[in-house]
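Written below as structure tokens is the structure these notes are about.
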Amino acid sequence: MITQLKFVGIPVSDQDRALAFYTEKLGFEISTDQPMGPGKRWIELRIARSGTRVVLFTPDGHEDRIGTFFNGSFACDNVEATWRQLSARGVEFIEPPTSQPWGSFAKFRDPDGNTFVLSSS
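Taking this note's numbering, the leading residue of the sequence shown gets 2, the next gets one more, and so forth.
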């Protein structure tokens with residue numbers, strides 16, 4: 002039976018720039034960084050205590066996905082505090098923290114324009 006989501010892919014145009022953003026600004030850690038075909042690498046990142054990894058890789062033919070909305074959410078304990086911390090590191094937020102009956106959220110972008118939701122319950 003299926004036990005978990007192993008990784009999610011984030012399409013990027015420049016793997017070095019994306020790697021710097023996700024490690025230096027968001028605090029993710031490198032799990033794997035190895036060659037994956039001509040001029041590309043398989044870069045797999047760990048997120049704190051999560052078993053799910055983030056992969057910075059764009060398969061051939063999927064370049065049109067770069068800079069789009071990521072249909073998922075990164076979780077944190079406190080959206081307001083995390084928003085302040087990430088903003089101080091230079092992360093571009095396109096929506097500040099907002100409270101809803103189901104929890105709080107904010108939206109941010111990576112250097113390629115990929116848009117993500119940051120949320121807590």
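For every residue, glycine included, the Cβ atom is placed at its ideal position computed from N, Cα and C.
Measure the beta-carbon distance from glutamate 96 to alanine 89 and round it to whole angstroms, keeping in mind my assumption that it falls under 8 angstroms. Counting from one through the sequence shown, the residue named residue 96 turns up at place 95. Counting from one through the sequence shown, the residue named residue 89 turns up at place 88. In fact, because the Cβ distance is near 17 angstroms, the residues do not count as touching under 8 angstroms.
Can histidine 41 and phenylalanine 22 be called in contact, C-beta distance under 8 angstroms? As a first step, residue 41 is located in the sequence shown; it is residue number 40 there, counting from the start. As a first step, residue 22 is located in the sequence shown; it is residue number 21 there, counting from the start. The question names histidine, yet the displayed sequence has lysine at residue 41. Not a contact, by the Cβ cut-off of 8 angstroms.
Rounded to the nearest angstrom, what separates isoleucine 44 and serine 14 at their Cα positions? Position 43 of the sequence shown holds residue 44. Position 13 of the sequence shown holds residue 14. Rounded to whole angstroms, the gap between the alpha carbons of isoleucine 44 and serine 14 is 13 angstroms.
Could you compute how far the alpha carbon of phenylalanine 8 sits from the alpha carbon of arginine 54? Counted from its first residue, the sequence shown places residue 8 at position 7. Counted from its first residue, the sequence shown places residue 54 at position 53. Put simply, the backbone Cα of phenylalanine 8 is about 4 angstroms away from that of arginine 54.
Which whole-angstrom value is the C-beta distance of aspartate 113 and glycine 68, which I expect to be below 8 angstroms? Walking along the sequence shown from the start, residue 113 turns up at place 112. Walking along the sequence shown from the start, residue 68 turns up at place 67. So it is a contact: roughly 5 angstroms between Cβ atoms.
Leaving aside the five residues before and after phenylalanine 94 along the sequence, list all residues of the same chain whose C-beta is less than 7 angstroms from its C-beta, in chain order. Along the sequence shown, one-based indexing puts residue 94 at 93. Answer for phenylalanine 94: Trp84, Ser88, Ala107, Lys108 and Phe109, listed in chain order.
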